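Asks: Chains as they are written, first to last, in this note's numbering: chain A, 2 to 230; chain B, 4 to 130.
All C-beta atoms, glycine included, are put in the ideal place defined by N, C-alpha and C.
Predicted model only: the values in this text are computed from it and were never measured.
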Amino acid sequence: MKRLKNWQVPVFITFLLLGLLLTVQFRTQQSYLSDLSQQKTEDLVTMLNKLYEKKNSLEREIFTLDEQQRSFSADVFAGEALTRDLRQELLRQQMALGLVPVKGPGITVTFEATPPIVYLDIIDVINELWASQAEAIAINDIRVTTWTKIYWNKQNLALTVDGQIVPFPCTIKAIGDPEQLESGLRLLGGVLDDLAIYDIHPVVRKAEMLELPAADRPEIKYLKAKESQ
Amino acid sequence: MWLPLLGLLIGIFIGSALYIPIPGVFAKYLSVAVLAALDSTFGGVKSIFDDRFDAAILLTGFFTNTLLAALLAYLGDQLGVDLYLAAVFAFGVRIFQNIAFIRRQLLARWIQKRHLHAAKENGNEEA
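1. Taking all protein chains shown into account, do 16 or more other C-beta atoms lie within 10 angstroms of the C-beta of residue 77 of chain A, making it buried, or fewer, making it exposed?
2. Pairing CB atoms from the stretch 50 to 63 of chain B with CB atoms from the stretch 11 to 24 of chain A, are three or more of them under 8 Å?
3. Should residue 103 of chain B be labelled buried (16 or more other beta-carbon atoms within 10 Å of its own) or exposed?
4. Looking at residue 124 of chain A and residue 151 of chain A, is the spacing between their C-beta atoms short of 8 Å?
5. Does any C-beta atom of chain B lie closer than 8 Å to the C-beta of residue 76 of chain A?
6. Which of the three DSSP states, helix, strand or coil, is assigned to residue 154 of chain A?
7. Expressed to the nearest angstrom, what Euclidean distance is found between the alpha-carbon atoms of residue 31 of chain B and residue 68 of chain B?
8. Take residue 176 of chain A as the anchor and find which of A:20, A:134, A:224, A:201 has the nearest alpha-carbon.
9. Anything in chain A within Cβ reach of residue 41 of chain B, meaning under 7 Å, just list it in chain order.
10. Let me check one thing: in DSSP terms, what residues is residue 82 of chain B bridge-paired to?
11. What does DSSP give as the partner residues of residue 161 of chain A in its beta bridges?
12. Counting C-beta neighbours from all protein chains within 10 Å, is the total for residue 40 of chain B 16 or more, i.e. buried, or is it exposed?
13. Is residue 33 of chain B close to chain A, meaning its C-beta is less than 8 Å from at least one C-beta of that chain?
14. Would you kindly check if the distance between the Cβ of residue 137 of chain A and the Cβ of residue 162 of chain A is under 8 Å?
15. Would you verify that the beta carbon of residue 49 of chain A is, or is not, closer than 8 Å to some beta carbon of chain B?
16. Which runs of the beta strand (DSSP E) fall wholly inside the stretch 33 to 97 of chain B and span at least 3 residues, in chain order?
17. Which residue from A:111, A:18, A:220 puts its Cα closest to that of residue 140 of chain A?
18. Rounded to whole angstroms, what is the Cα-Cα separation between residue 80 of chain B and residue 87 of chain B?
19. According to DSSP, is residue 144 of chain A part of a helix, a strand, or is it coil?
20. Can you pull the chain A neighbours of residue 37 of chain B, defined as C-beta to C-beta under 7 Å?
21. So, are the CB atoms of residue 100 of chain B and residue 52 of chain B less than 8 Å apart?
22. Consult DSSP for residue 41 of chain A and reduce its assignment to one of helix, strand or coil.
23. Should the stretch 9 to 21 of chain B be regarded as contacting the stretch 12 to 32 of chain A, the criterion being three or more beta carbon pairs within less than 8 Å?
24. Which partner residues of residue 109 of chain A appear in the DSSP bridge assignment?
25. Whose C-alpha, out of A:207, A:170, A:200, is nearest the C-alpha of residue 184 of chain A?
26. So which residues of chain B does residue 44 of chain A contact, with C-beta pairs closer than 7 Å?
27. Check whether the stretch 179 to 196 of chain A and the stretch 79 to 93 of chain A are in contact - that is, three or more C-beta pairs closer than 8 Å.
28. Pick helix, strand or coil for residue 101 of chain A, following the three-state DSSP scheme.
29. DSSP beta-bridge partners for residue 139 of chain A?
30. Starting from the beta carbon of residue 30 of chain B, find every residue of chain A whose beta carbon is closer than 7 Å, and list them in chain order.
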């Protein structure tokens, strides 16, 4: 063995090359085995079937998710429609109650002079206007609502609406069908005829567009809704 | 003694570091070539123990066997004869024989060494 000292270099070279060859072959074999064209037909068929199954299940999932999305958006749409309806209803109620400023066609009734008129005359006119389907009424830009107080202030000798003195000439504005409102006032033996007895001749004018302010919000302390059921 | 192993490790390292793409079709021929290289290497190691080592024979054998094995496998494929099976069989048998020889040699040397060692110790005790 001693005299064959020169064996080490050639063996080193062969081992080096062997290692190189081994790794290259190892890697090639790995990629070769994972290559689809080298798989068995049955394996490929199985793989294909599995992929088909997976695809089908994913498609089913897409379908159910689509359906869910559709139903959700339908819910959202219904919710939005409901909210819109509720808003509209709320606004209608607020307008009816006089909580928001309103505008529309109607008539104005103007009283020129103070002396012969009493607050009951004003109330008569307003009641007649309500009776003629007026939807909103204001006296000198004070909105008349269900809780409006109209009375004669004896100290100041003035017409008072909700604590505010109404100076003359005063104008009653009413929103509604102008024809109906006017004909209501001009009924034979109606309000205007009654006033004419006292020589009061208010000026009644139809208006294309009237703007009425909002009233203050009523204070609700004791009221409770009676349960409907 | 450790130089060949070092060579093997370096070769493996180079093979891992470099990416040498071999088309899938040639993988079979390369595998036969690797088998031939293994056979040559073990043959070389055997010849060392046999005291018949020849660098020229080892190197030429390594290269020609490797190339010839791959070429024969290729030829067999072209002719429709599974010649690579013959190569696998021939090289496989030889590799096992060579490994068995190397194993026996190593075992024999190890036992011999121990005997010498034991004899030396016994001699010391007697002296």
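Replies: Judging by the given coordinates:
1. Locating residue 77 of chain A in the first sequence gives position 76, where the first residue counts as 1. Its Cβ having fewer than 16 others within 10 Å, residue 77 of chain A is exposed.
2. yes
3. As a working mapping, residue 103 of chain B is identified with position 100 in the second sequence. Label assigned to residue 103 of chain B: exposed.
4. Sequence index remark: in the first sequence, residue 151 of chain A carries index 150 (1-based). Sequence index remark: in the first sequence, residue 124 of chain A carries index 123 (1-based). One thing to note: residue 151 of chain A has its Cβ within 8 Å of the Cβ of residue 124 of chain A.
5. By one-based count along the first sequence, residue 76 of chain A stands at place 75. Not closer than 8 Å to any Cβ of chain B, the Cβ of residue 76 of chain A fails to qualify, so no.
6. Here residue 154 of chain A refers to the residue found at position 153 of the first sequence. It is a strand residue.
7. Taking the second sequence and counting its residues from 1, one reaches residue 31 of chain B at position 28. Taking the second sequence and counting its residues from 1, one reaches residue 68 of chain B at position 65. Their backbone Cα atoms lie some 16 Å apart in a straight line.
8. In the first sequence, residue 176 of chain A corresponds to position 175, counting from 1. Per the Cα distances, A:134.
9. As a working mapping, residue 41 of chain B is identified with position 38 in the second sequence. Here the neighbours are 19.
10. The residue labelled residue 82 of chain B in the question sits at position 79 within the second sequence. Per DSSP, none; premise fails for residue 82 of chain B.
11. Mapped onto the first sequence, residue 161 of chain A falls at position 160. Per DSSP, A:152, A:166.
12. Here the question's residue 40 of chain B lines up with position 37 in the second sequence. Burial call: buried.
13. Position 30 of the second sequence holds residue 33 of chain B. The C-beta of residue 33 of chain B comes closer than 8 Å to at least one C-beta of chain A.
14. Numbered from 1 along the first sequence, position 161 holds the residue referred to as residue 162 of chain A. Numbered from 1 along the first sequence, position 136 holds the residue referred to as residue 137 of chain A. Their beta carbons are not under 8 Å apart, which means residue 162 of chain A does not touch residue 137 of chain A by this criterion.
15. Translated into positions along the first sequence, residue 49 of chain A becomes position 48. False, the Cβ-Cβ gap to chain B never drops below 8 Å.
16. none
17. Position 139 of the first sequence, counted from the first residue, corresponds to residue 140 of chain A. Answer by Cα proximity: A:111.
18. Numbered from 1 along the second sequence, position 77 holds the residue referred to as residue 80 of chain B. Numbered from 1 along the second sequence, position 84 holds the residue referred to as residue 87 of chain B. Computed Cα separation, rounded: 8 Å.
19. Numbered from 1 along the first sequence, position 143 holds the residue referred to as residue 144 of chain A. Of the three classes helix, strand and coil, the one that applies to residue 144 of chain A here is strand, per DSSP.
20. As a working mapping, residue 37 of chain B is identified with position 34 in the second sequence. Within chain A, the residues whose beta carbon sits less than 7 Å from that of residue 37 of chain B are 22, 23, 26, listed in sequence order.
21. Looking up residue 100 of chain B in the second sequence gives position 97. Looking up residue 52 of chain B in the second sequence gives position 49. No, these two residues do not count as a Cβ contact at 8 Å.
22. As a first step, residue 41 of chain A is located in the first sequence; it is residue number 40 there, counting from the start. Reduced to three states, the DSSP call for residue 41 of chain A is coil.
23. yes
24. Taking the first sequence and counting its residues from 1, the one referred to as residue 109 of chain A is at position 108. Paired residue(s): A:174, A:206.
25. Within the first sequence, residue 184 of chain A is the residue found at index 183, counting from 1. Out of A:207, A:170, A:200, A:207 has the C-alpha closest to the C-alpha of residue 184 of chain A.
26. As a working note, residue 44 of chain A is residue 43 in the first sequence. Simply none; closest approach about 16 Å.
27. no
28. Here the question's residue 101 of chain A lines up with position 100 in the first sequence. In this structure, residue 101 of chain A counts as coil in the three-state DSSP scheme.
29. Your numbering for residue 139 of chain A matches position 138 in the first sequence. Answer by DSSP bridge pairing, in chain order: A:144, A:174.
30. Residue numbering aside, residue 30 of chain B sits at position 27 when the second sequence is read from its first letter. Those are 29, 30, 33, listed as they occur along chain A.
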